[in-house]
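The next block holds one structure in the form of structure tokens; read it before the comments.
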Amino acid sequence: MGDLNKQDTTSVIPIDPDGDLTLKVGADIEGQHETRFLVCSSTLRRSSLVFKKMLFGPWVDSKPESGNWVVALPEDMPCAMKRVLAIIHGRFELAEESWDLLSLEKTITLVDKYDMTHILRPWRTRIRELVTDSCVSDARFRVAIIHVAWGIGVQEAFVSTVKEVIFAASMTEDGQLELVGETERLNLSTLESFGPLDMANTITNRRTVLIQAILDHFHGKLSRLANAASPVCKAYKSTGTDGTFCFQRGYYPERSYCSDCSQHHESEIIPPRVCDSIILGSIWRQLLLQKPGDGNLPTVASDFLGSADGLLQTLSKMFGELKCTSAHQRCSPRSEFEAFVKATREDERWTKGWQTEFHRSQMKQQREKLGL
Numbered sequence: 001m002g003d004l005n006k007q008d009t010t011s012v013i014p015i016d017p018d019g020d021l022t023l024k025v026g027a028d029i030e031g032q033h034e035t036r037f038l039v040c041s042s043t044l045r046r047s048s049l050v051f052k053k054m055l056f057g058p059w060v061d062s063k064p065e066s067g068n069w070v071v072a073l074p075e076d077m078p079c080a081m082k083r084v085l086a087i088i089h090g091r092f093e094l095a096e097e098s099w100d101l102l103s104l105e106k107t108i109t110l111v112d113k114y115d116m117t118h119i120l121r122p123w124r125t126r127i128r129e130l131v132t133d134s135c136v137s138d139a140r141f142r143v144a145i146i147h148v149a150w151g152i153g154v155q156e157a158f159v160s161t162v163k164e165v166i167f168a169a170s171m172t173e174d175g176q177l178e179l180v181g182e183t184e185r186l187n188l189s190t191l192e193s194f195g196p197l198d199m200a201n202t203i204t205n206r207r208t209v210l211i212q213a214i215l216d217h218f219h220g221k222l223s224r225l226a227n228a229a230s231p232v233c234k235a236y237k238s239t240g241t242d243g244t245f246c247f248q249r250g251y252y253p254e255r256s257y258c259s260d261c262s263q264h265h266e267s268e269i270i271p272p273r274v275c276d277s278i279i280l281g282s283i284w285r286q287l288l289l290q291k292p293g294d295g296n297l298p299t300v301a302s303d304f305l306g307s308a309d310g311l312l313q314t315l316s317k318m319f320g321e322l323k324c325t326s327a328h329q330r331c332s333p334r335s336e337f338e339a340f341v342k343a344t345r346e347d348e349r350w351t352k353g354w355q356t357e358f359h360r361s362q363m364k365q366q367r368e369k370l371g372l
């Protein structure tokens, strides 16, 4: 019979050689040829309420009074239909072919459409392992994990992969959500389905919140550095038991150095506002090096088209390479930004904040159908 993904387009595939119904599958799918399957209509009826109503109700697809019984399913994927038909007809040697993530996604789409998820029970362990053990960065496979995890109710894989996409997704200039992988750019806004119907909107909204949080942190840091009335410089603060302060702030004028400058020549003493200016200038320089042009980052998320992962990577590199004077190394905002990145990635807004009761109840129903 061959590979599930390579259908015989010149003849009927006899899933049941004694079948009474021919299914014509996949004619409207781009890149696919129509494939014909000979099947048992009663087997379809017993396996799916959808097929039962379609084939044995007062509809156009019901059995004709004379002639061959042929039903067209032009929008269904032939390889997935072959697996589904093989399972319900007991042709398990055919069902065992091509159990990879992408073919599984097609199968999940089909069994969900015809309310037949329960037929996959014997393969539930393998299916779960395919989802939970996959570690991928390719855009297409990430979407497949979301789709399959949603279809079988594996909440951990579903939520964690949605979070990955929230951080990795970017926007096109015309407002389309896209995911750029190692080999392709995938427009998520135009996908018919990958999980819940609101998945693309959910990711878009969460991405906006995430990008805004990063931009707010960055511009807040710039604002504090530029505020001469309240220096950010840490060197002027008390560091010893004697309460030594930097004399440029007006404290202990009899001392000619601050605690951080004590080992340096007096000419190297840096007032707090100058320290802040050095860091501010270094930030600007690093941005110009990493972001050719004016070096500006927008203040609102809607003006930033890149991904949160890319933005965090750019800022992490920038803060990591900032130049401070030798006596003011602890004034570098590097550790502060590292703590911000850690807290941002652990924020529950990307895992729990977007889930609804519908999401949870739907996945519970899918787990029950599969016996997970």
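In terms of UniProt numbering, the sequence shown opens at residue 1 and continues consecutively.
Every residue gets a Cβ at the ideal spot worked out from N, C-alpha and C, and that includes glycine.
It should be emphasised that the depicted structure is a prediction, and the values quoted were computed from it without experimental measurement.
Between residue i and the rest of its own chain, which residues show a CB-CB distance below 6 Å, the 5 nearest in sequence each way excluded?
i: Asp-100; result: none
i: Ala-72; result: Lys-24
i: Gly-19; result: Leu-38, Val-39, Cys-40
i: Ala-86; result: Leu-94, Ala-95
i: Leu-21; result: Val-39, Ser-41, Trp-69
i: Arg-207; result: Ile-166, Ala-169
i: Ala-80; result: Lys-106, Thr-107, Leu-110
i: Met-363; result: Gly-153, Gln-155
i: Pro-298; result: Phe-304
i: His-217; result: Phe-340
i: residue 373; result: Residue 373 cannot be examined here, being either before or after the span of the chain that is shown, 1 to 372.
i: Ala-144; result: Leu-101, Leu-102, Glu-105
i: Val-50; result: Tyr-114, Asp-115
i: His-147; result: Glu-105, Phe-194, Gly-195
i: Trp-354; result: Thr-202, Arg-206
i: Gln-7; result: Any answer about Gln-7 is weak, because its pLDDT of 47 lies below 50 and its placement is not dependable; what the coordinates show is given next. Around Gln-7: Thr-35, Pro-78.
i: Gln-263; result: Below a pLDDT of 50, predicted positions are generally treated as unreliable, and Gln-263, at 44, falls in that range; no measurement from the model is reported.
Applying the 10 Å Cβ sphere with the 16-neighbour rule, what's the burial state of residue i?
i: Glu-105; result: buried
i: Leu-120; result: buried
i: Val-60; result: exposed
i: Ala-157; result: buried
i: Val-70; result: exposed
i: Phe-194; result: buried
i: Pro-58; result: exposed
i: Gly-220; result: exposed
i: Leu-183; result: Residue identity differs from the one stated: residue 183 is Thr in this sequence, not Leu. Under this definition Thr-183 is an exposed residue.
i: Pro-64; result: exposed
i: Arg-360; result: exposed
i: Gly-366; result: Rather than Gly, the amino acid found at residue 366 in this sequence is Gln. So Gln-366 counts as buried.
i: Phe-337; result: buried
i: Thr-125; result: exposed
i: Ser-47; result: buried
i: Gly-151; result: buried
i: Pro-17; result: exposed
i: Lys-342; result: exposed
Identify, in the order they occur along the chain, each residue of the same chain with its Cβ nearer than 8 Å to the Cβ of residue i, setting aside the five sequence neighbours on each side.
i: Ile-214; result: Ala-308, Leu-311, Leu-312, Leu-315, Thr-344
i: Ile-211; result: Ala-301, Phe-304, Ala-308, Leu-311
i: Gly-118; result: With the sequence shown as reference, residue 118 is identified as His, and Gly is not the correct amino acid for it. Counting only Cβ-Cβ distances below 8 Å, and skipping sequence neighbours, we find Lys-369, Leu-370.
i: Glu-173; result: Leu-305
i: Val-12; result: Thr-22, Arg-36, Phe-37, Leu-38
i: Asn-296; result: Leu-287
May I ask which residues mark the beginning and end of the alpha helix (DSSP H) holding residue i?
i: Arg-349; result: Where Arg-349 is concerned, there is no enclosing alpha helix (DSSP H), given that its DSSP letter is neither H nor E.
i: Val-209; result: 199-226
i: Arg-142; result: 139-152
i: Asp-309; result: 308-320
i: Ile-127; result: 124-132
i: Arg-360; result: 357-370
i: Val-111; result: 101-113
Give every residue of the same chain whose Cβ lies closer than 7 Å to the Cβ of residue i, excluding the five residues on either side of it in the sequence, and list them in chain order.
i: Asp-198; result: none
i: Glu-111; result: For the record, residue 111 in the displayed sequence is Val; it is not Glu. Same-chain partners within the cutoff: Val-84, Thr-117, Ile-119, Leu-120.
i: Glu-164; result: Arg-142
i: Lys-52; result: Arg-45
i: Met-54; result: Asp-61
i: Asp-76; result: Val-25, Gly-26, Leu-110
i: Leu-177; result: Ala-169, Met-171, Leu-188, Ser-189, Ala-200, Ile-203, Thr-204
Within 8 Å: the Cβ of residue i and any heavy atom of the ligand SAM?
i: Asp-216; result: Among the components modelled here there is no ligand, and therefore nothing to report on the ligand SAM.
By the DSSP assignment, the beta strand (DSSP E) with residue i in it spans what residues?
i: Arg-185; result: 185-187
i: Val-162; result: Premise fails: Val-162 lies in the alpha helix (DSSP H), 155-168, not in any beta strand (DSSP E).
i: Glu-178; result: 177-180
Assuming the contact rule is C-beta atoms closer than 8 Å, residue i and residue j should be a hit. Round their C-beta distance to whole Å, please.
i: Asp-28; j: Pro-74; result: 4 Å
i: Thr-351; j: Val-159; result: 5 Å
i: Ala-200; j: Leu-188; result: 5 Å
i: Ile-88; j: Thr-43; result: 5 Å
i: Gly-181; j: Asp-138; result: 4 Å
i: Val-131; j: Ala-149; result: 5 Å
i: Val-162; j: Arg-349; result: Not quite, the Cβ-Cβ distance comes to about 12 Å (not below 8 Å), so this is no contact.
Check whether the Cβ of residue i lies closer than 9 Å to any Cβ atom in chain C.
i: Arg-124; result: Although the question refers to chain C, the structure presented lacks it and comprises just one protein chain.
Query raised in the report: Where in the segment 9-95 do unbroken runs of the alpha helix (DSSP H), each at least 4 residues long, occur, reported from the N-terminal end onward?
Result: If we require 4 residues or more, the alpha helix (DSSP H) runs fully inside the segment 9-95 come out as 41-47, 49-56, 78-88, 92-95.
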